[in-house]
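*Asks:* Residue numbers (this note's numbering), protein chains in the order written: chain A, -4 to 280; chain B, 4 to 334; chain C, 1393 to 1625.
After the structure tokens below, expect a handful of questions from me.
Spelled out as structure tokens, the structure:
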């Protein structure tokens, strides 16, 4: 029973972080029809921001706030320098962001070396949960992720900004004709999506080894979540990440991580066959 | 011959092949051996250019098929096939398996993935990325196939049969053997590209829905070309195994998949010959600059790649090629 | 208020508009008539910035608007009710109207009460999803949404398309009243000559991407020969 509870908590932890990463991808895709292959490297940058600041002696909490801001800024820069020139050429945007991911990864290797870095959590207490102990920091990660996911839903479904963003997503030309600045929304959402990845990277950094290859490990499950859940609605990545993340962490802890990857991948491929646009559908067009 | 020369594109392609055939006249044995290996990468690049440049199918995991071919070849020629097949170590069987195994895998994957419509048809690109990562991890763990170290002492390609042995080992035979193989692949694929089926391929790449309205079964077209491309990639993998004498998990995974994308993008995805040359040129440049620059080499390559995507989507060589040939057939 | 000189535009390489000259005074209501494929919709889209002007200039209320993006054109005071209405089907009636108000008024803008006064059905249905409205109600919503941004010039593309005759009359009456009371300038593209003559004071005929004739609505009602000549009715 204890074992099952711990497993459940670990799975929830993983799922929530994947949701954070996938949500940024889906927002950017919904608004601009751009698949950001450098999203995993934005996660990476979030983690390295924390590494850098902690090495400079700055507190964890400053790093946690600085990471999404800095990575959001990088997102803004990417949008301005690269994406906006080619966003009407669908395949080229995938490739260009792919190229950006190489640049970011190699830049990190040049600055920090190829090896793993470590960061420390702000607290190391173990909490007593129904008789078994669990790291408080992991619960903190879940809290942060849950808060930000809920906040994102609130932003998109309960605020004027969200209403306008949904209008741009539904029909760009019509929204523009009403006077809504599609350029401003492109910039804002790209930066916001990037910031989500940066936050996820920073919050996860203390419980994993931070190395230049870590982005891919989150990019792939995030993408599979979107393909399974659907890209037409913010709920798509949540549902998809729930299925993908839970299957992955349960299989990994009961059998092996490699088998978990194979199972998750097979599941995704079969899901694509049954639900061509994801379980919740792919939205317009 | 005259008609062929009238067509500028054929003339340029012919000149390229002629130039390649003459290379050993100007180079030392070691360099010739080096280029022979790059020719193999060139074949691999053509397989990607076929699906990407012609049909708009992007794949971030094309090395899966290259790696499957390399492993199939190595397991065969090392006598590691299961059961009674063990004693069959012919290079011909190895090549046959290196063509068949990737083709079957691609065909099965395609039957699932080409039904997907999520992310505007980019699901193939992304799922292939996942396949590459999973495949690399599986090969790393799979003791039978050598695990992390891979398989050593893979014998060279043996062209002899019935007990006769003629191994492609010395630089010159290796070079010309590989060149002939590359030319054969080029002729086969170029014939497809220039045929009526090639027109359908490009139509699917340009606008799949509209091509479907015209009565073409676009899903079968994609499935067929994806399968063919995987077989060609597997063939390149088989040649690679014979040349290098070893195979290891990185061959089937993420980084080689990235590299081949870069070769094809910088060379030019629209034409087979520019993708082929792209692989050779980038490898040559890497040979000259890679050690000097270290991680900065890949950084620079990534930068070049992004600039290319923004300003020269036809690729560096592709741009030149399109101007020289007047853009015929290179859109 | 609107001056267009030598305007050319089209799709991709093909030129649809070949030098349009047009002048519309403040408070005037103009109808653009012509057979299908002559460039009427292209003209509206080019004015709105949805299609780039290849040549020529557009002046609106003293500003050059050619080369501007649609949102800039909208903020300068031009509004567009596109063919097919293009309301946001997933959003509520109120949200649709709100978006119209926010485009020019910023995120804090409110829907002017006058819109609900003009189209009472929208008030009744304000919580309903836009996609569940009937064709006529959707047309009212599309017009209401455009008016919510308090534009000075309204471009309408085929407002009568797919509507019953009784609703067409209603729409025409609402537009006329709006124009009269608010001093709104109207440019309407119409196939329905009856509606065009009701709403507009002046009609322009477009053929092969140029304006080939013009007449007052009154004159056309008295002598429909020009109509027959250009529309082949």
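Note that beta-carbon positions come from the ideal geometry of N, C-alpha and C, so glycine has one too.
Bear in mind the structure is a predicted one, so any value in this text is a computation, not a measurement.
According to DSSP, residue 1580 of chain C sits in a beta bridge with which residue or residues?
*Replies:* Your numbering for residue 1580 of chain C matches position 188 in the third chain. Bridge partners of residue 1580 of chain C: C:1423, C:1548.
*Asks:* Can you give the Cα-Cα distance for residue 333 of chain B and residue 251 of chain A, rounded to whole angstroms?
*Replies:* Position 330 of the second chain holds residue 333 of chain B. Position 256 of the first chain holds residue 251 of chain A. The predicted position of residue 333 of chain B is uncertain, since its pLDDT is 43 and thus under 50; a value taken from the coordinates is nonetheless stated next. If you take the alpha carbons of residue 333 of chain B and residue 251 of chain A, they lie about 48 angstroms apart.
*Asks:* Nearest-angstrom Cα distance between residue 131 of chain A and residue 2 of chain A?
*Replies:* Numbered from its first residue, the first chain carries residue 131 of chain A at position 136. Numbered from its first residue, the first chain carries residue 2 of chain A at position 7. About 15 angstroms.
*Asks:* Please go through the same chain and pick out, in chain order, the residues whose beta-carbon is closer than 8 angstroms to the beta-carbon of residue 372 of chain B, but skip the five residues on each side of it.
*Replies:* Past the boundaries of the shown model lies residue 372 of chain B; chain B is included only from 4 to 334, so the question cannot be answered.
*Asks:* To the nearest angstrom, report how far apart residue 215 of chain B and residue 1608 of chain C are at their CA atoms.
*Replies:* Here residue 215 of chain B refers to the residue found at position 212 when the second chain is read from its first residue. Here residue 1608 of chain C refers to the residue found at position 216 when the third chain is read from its first residue. Answer to the nearest angstrom: the Cα atoms are 49 angstroms apart.
*Asks:* May I have the straight-line CA-CA distance separating residue 279 of chain A from residue 30 of chain A, to the nearest angstrom?
*Replies:* By 1-based counting over the first chain, the position of residue 279 of chain A is 284. By 1-based counting over the first chain, the position of residue 30 of chain A is 35. Annotation note: pLDDT 44 at residue 279 of chain A (below 50); position unreliable, coordinate value reported separately. Residue 279 of chain A and residue 30 of chain A: Cα-Cα distance of roughly 16 angstroms.
*Asks:* Along chain C, in chain order, which residues have C-beta atoms closer than 7 angstroms to that of residue 206 of chain A?
*Replies:* Counting from one through the first chain, the residue named residue 206 of chain A turns up at place 211. Simply none; closest approach about 42 angstroms.
*Asks:* Quick check on DSSP: helix, strand or coil for residue 205 of chain A?
*Replies:* Working through the first chain from its first residue, we reach residue 205 of chain A at position 210. Here residue 205 of chain A sits in strand by DSSP.
*Asks:* Do the CB positions of residue 212 of chain A and residue 221 of chain A come within less than 8 angstroms of each other?
*Replies:* On the first chain, position 217 is the one that residue 212 of chain A refers to. On the first chain, position 226 is the one that residue 221 of chain A refers to. Result no, Cβ atoms of residue 212 of chain A and residue 221 of chain A do not sit closer than 8 angstroms.
*Asks:* Could you give the residue range of the beta strand (DSSP E) that holds residue 1598 of chain C?
*Replies:* In the third chain, counting from the first residue as 1, residue 1598 of chain C sits at position 206. Residue 1598 of chain C -> beta strand (DSSP E) spans 1594 to 1599.
*Asks:* Within 8 angstroms (strictly less), CB to CB, does residue 1442 of chain C reach chain A?
*Replies:* Along the third chain, read from residue 1 onward, the residue named residue 1442 of chain C stands at position 50. So yes, residue 1442 of chain C belongs to the interface.
*Asks:* Along chain B, in chain order, which residues have C-beta atoms closer than 9 angstroms to that of residue 268 of chain A?
*Replies:* In the first chain, the residue the question calls residue 268 of chain A occupies position 273. Simply 114, 115, 116, 118, 119.
*Asks:* Can you give me the Cβ contacts of residue 48 of chain A inside the same chain, cut-off strictly under 7 angstroms, excluding the 5 residues immediately before and after it?
*Replies:* Residue numbering aside, residue 48 of chain A sits at position 53 when the first chain is read from its first letter. Result list for residue 48 of chain A: 57, 58, 61, in chain order.
*Asks:* According to the neighbour-count rule (16 or more other Cβ atoms, all chains shown, within 10 Å of its Cβ), is residue 1604 of chain C buried or exposed?
*Replies:* As a first step, residue 1604 of chain C must be located in the third chain, where it is residue number 212. By the neighbour-count rule (16 or more Cβ atoms within 10 Å), residue 1604 of chain C is not buried but exposed.
*Asks:* Measuring only the C-alpha atoms, how far is residue 1417 of chain C from residue 1543 of chain C?
*Replies:* The count along the third chain starts at 1 and reaches residue 1417 of chain C at position 25. The count along the third chain starts at 1 and reaches residue 1543 of chain C at position 151. About 15 angstroms.
*Asks:* Select from the region 139 to 162 of chain B all residues with a C-beta closer than 7 angstroms to any C-beta belonging to chain A, and list them in chain order.
*Replies:* Here the close residues are 140, 141, 144.
*Asks:* Please report the straight-line C-alpha distance between residue 19 of chain B and residue 73 of chain A, rounded to a whole angstrom.
*Replies:* Here residue 19 of chain B corresponds to residue number 16 of the second chain, with the count starting at 1. Here residue 73 of chain A corresponds to residue number 78 of the first chain, with the count starting at 1. Approximately 38 angstroms between the Cα atoms of the pair.
*Asks:* Report the option in B:234, B:205, B:126 whose CA atom is closest to the CA atom of residue 272 of chain B.
*Replies:* The count along the second chain starts at 1 and reaches residue 272 of chain B at position 269. Ranking the options by Cα distance to residue 272 of chain B, first place goes to B:205.
*Asks:* Roughly how many whole angstroms lie between the Cα atoms of residue 5 of chain A and residue 55 of chain A?
*Replies:* The count along the first chain starts at 1 and reaches residue 5 of chain A at position 10. The count along the first chain starts at 1 and reaches residue 55 of chain A at position 60. Near 22 angstroms, if we compare the C-alpha coordinates of residue 55 of chain A and residue 5 of chain A.
*Asks:* Can you tell me where the alpha helix (DSSP H) holding residue 133 of chain B begins and where it ends?
*Replies:* Indexing the second chain from 1 puts residue 133 of chain B at position 130. Counting along the chain, the alpha helix (DSSP H) containing residue 133 of chain B begins and ends at 126 to 144.
*Asks:* Please name the residues in the region 161 to 191 of chain A whose beta-carbon is closer than 9 angstroms to at least one beta-carbon of chain C, in chain order.
*Replies:* Listed by position along the chain: 161, 162, 165, 166, 168, 169, 170, 171, 172, 173, 174, 175, 176, 177, 178, 179.
*Asks:* If we ignore side chains and look at the alpha-carbon of each, how far apart do residue 1482 of chain C and residue 1523 of chain C end up?
*Replies:* As a first step, residue 1482 of chain C must be located in the third chain, where it is residue number 90. As a first step, residue 1523 of chain C must be located in the third chain, where it is residue number 131. Roughly 6 angstroms between the two C-alpha positions.
*Asks:* With 8 angstroms as the threshold, decide whether the Cβ of residue 158 of chain A is near any Cβ in chain C.
*Replies:* Counting from one through the first chain, the residue named residue 158 of chain A turns up at place 163. Taking Cβ atoms only, chain C reaches closer than 8 angstroms to residue 158 of chain A, which makes this a yes.
*Asks:* Are the C-beta of residue 155 of chain A and some C-beta of chain C separated by less than 8 angstroms?
*Replies:* Taking the first residue of the first chain as 1, we reach residue 155 of chain A at position 160. True, the Cβ-Cβ gap to chain C drops below 8 angstroms.
*Asks:* Take the Cβ of residue 331 of chain B as the centre, count every other Cβ of all protein chains shown within 10 Å, and call the residue buried at 16 or more, exposed below.
*Replies:* Residue mapping note: residue 331 of chain B aligns to position 328 of the second chain, counting from 1. Caution applies to residue 331 of chain B, whose pLDDT of 48 falls short of 50 and renders its modelled position unreliable; the value that the coordinates give is listed next. Exposed: under 16 other Cβ atoms inside 10 Å.
*Asks:* Could you please give me the residues that DSSP links to residue 129 of chain A through a beta bridge?
*Replies:* Against the first chain, residue 129 of chain A aligns to sequence position 134. Paired residue(s): A:122.
*Asks:* Three Cβ pairs or more, each shorter than 8 angstroms: is that satisfied between the region 1477 to 1497 of chain C and the region 1519 to 1533 of chain C?
*Replies:* Touching, yes, given that three or more Cβ pairs across the two stretches are closer than 8 angstroms.
*Asks:* Would you identify the three-state DSSP class for residue 1400 of chain C, choosing helix, strand or coil?
*Replies:* For the purposes of this step, residue 1400 of chain C is taken as residue 8 along the third chain, with counting starting at 1. Residue 1400 of chain C falls in the strand class under three-state DSSP.
*Asks:* Report the rounded CA-to-CA distance for residue 31 of chain B versus residue 225 of chain A, giving the unit in angstroms.
*Replies:* Residue mapping note: residue 31 of chain B aligns to position 28 of the second chain, counting from 1. Residue mapping note: residue 225 of chain A aligns to position 230 of the first chain, counting from 1. Taking the straight line joining both Cα atoms gives about 56 angstroms.
*Asks:* What residues from the region 1496 to 1514 of chain C come within 8 angstroms of chain E, judged by C-beta to C-beta, listed N to C?
*Replies:* Protein chains in the displayed structure are A, B and C, and chain E is not among them.
*Asks:* Please look up how many angstroms separate the CB atoms of residue 66 of chain B and residue 254 of chain B, rounded, as I've assumed it's under 8 angstroms.
*Replies:* Looking up residue 66 of chain B in the second chain gives position 63. Looking up residue 254 of chain B in the second chain gives position 251. Indeed they touch by this definition, with Cβ atoms about 7 angstroms apart.
*Asks:* Relative to the C-alpha of residue 127 of chain A, which residue among A:196, A:-1, A:138 is closest?
*Replies:* Numbered from its first residue, the first chain carries residue 127 of chain A at position 132. Considering only alpha carbons, the answer is A:-1.
*Asks:* Quick one: is residue 1558 of chain C buried, meaning 16 or more other Cβ sit within 10 Å of its Cβ, or exposed?
*Replies:* Here residue 1558 of chain C is taken as the residue at index 166 of the third chain, counted from 1. Residue 1558 of chain C comes out exposed.
*Asks:* Can you find a CB in chain A that lies within less than 8 angstroms of the CB of residue 1405 of chain C?
*Replies:* Translated into positions along the third chain, residue 1405 of chain C becomes position 13. Not an interface residue.
*Asks:* Looking at the structure shown, is residue 222 of chain B part of a helix, part of a strand, or coil, going by DSSP?
*Replies:* Against the second chain, residue 222 of chain B aligns to sequence position 219. In this structure, residue 222 of chain B counts as helix in the three-state DSSP scheme.
*Asks:* What are the residues in the region 11 to 36 of chain A lying within 9 angstroms of chain B by C-beta distance?
*Replies:* Correct list: 24, 28, 30, 32.
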